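Residue numbers (my numbering): 179 to 292.
Cβ coordinates follow ideal geometry from the N, Cα and C atoms, glycine included.
Since the model is a prediction, treat every value here as computed from it, not as a measurement.
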Amino acid sequence: MKKKRKLEELIEHYNLKRTSLIRKFIMDGKVKPPLIGKEAGVELLVNLRKIESELSRLSNNMHQIAKYLHKPKDKQNHSQNLEEILLEMMKKQKHVQEDVETISEQLSDHLYVK
Numbered sequence: 179m180k181k182k183r184k185l186e187e188l189i190e191h192y193n194l195k196r197t198s199l200i201r202k203f204i205m206d207g208k209v210k211p212p213l214i215g216k217e218a219g220v221e222l223l224v225n226l227r228k229i230e231s232e233l234s235r236l237s238n239n240m241h242q243i244a245k246y247l248h249k250p251k252d253k254q255n256h257s258q259n260l261e262e263i264l265l266e267m268m269k270k271q272k273h274v275q276e277d278v279e280t281i282s283e284q285l286s287d288h289l290y291v292k
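#1: Under the three-state reduction of DSSP, which class applies to I263: helix, strand or coil?
#2: In this structure, does DSSP put N193 in helix, strand or coil?
#3: What number of angstroms, rounded off, separates the C-alpha of H191 from the C-alpha of E221?
#4: Are the beta-carbon atoms belonging to L236 and Q271 less than 8 Å from one another?
#5: Terminal residues of the continuous alpha helix (DSSP H) containing V220?
#6: Do you know whose CA, among Q242, V274 and R201, lies nearest L264's CA?
#7: For R196, tell me which candidate among I204, L185 and D206 has the shortest Cα-Cα distance.
#8: Roughly how many angstroms lie between the CA atoms of K292 and S286, to the nearest whole one?
#9: If we ignore side chains and look at the alpha-carbon of each, how far apart do I229 and K181 end up?
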């Protein structure tokens, strides 16, 4: 029972599945502890997915701009539509930049002991 409890403690400590932990010990003879905890990792992953979504929206806006440039409309209409799309893209880019800065700060907090 003591060995099983020790194994469970190691699984929790290294944040690995049982088979992964055993494989690491067999192949490498040791296991390095994770750089960040599970909760912090999940939080970072959620924020990264948020950024991924924002980048996808920005990409869609760029495709809209390309469409407008290839449509045979009057120049005034092009200009107005492009300006609206670009302003929206600039807002989203600012949000993405802020999200990246937040994740960077979170990662720094978890990687470096203060």
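Reading from the atomic positions:
#1: I263: helix per DSSP, three-state reduction.
#2: DSSP, reduced to helix, strand and coil, places N193 outside both helices and strands of the structure shown, so it counts as coil.
#3: Here the C-alpha atom of H191 lies approximately 18 Å from the C-alpha atom of E221.
#4: Remark: C-beta atoms of L236 and Q271 approach each other more closely than 8 Å.
#5: Element bounds for V220: K216 to H248.
#6: Cα-wise, what sits closest to L264 is Q242.
#7: Nearest option by C-alpha distance: L185.
#8: Because the pLDDT of K292 is 43, which lies under 50, any placement of that residue in the model is unreliable, and the number read from its coordinates should be weighed accordingly. In this structure, the CA atom of K292 is about 10 Å from the CA atom of S286.
#9: Rounded to the nearest angstrom, the two C-alpha atoms are 43 Å apart.
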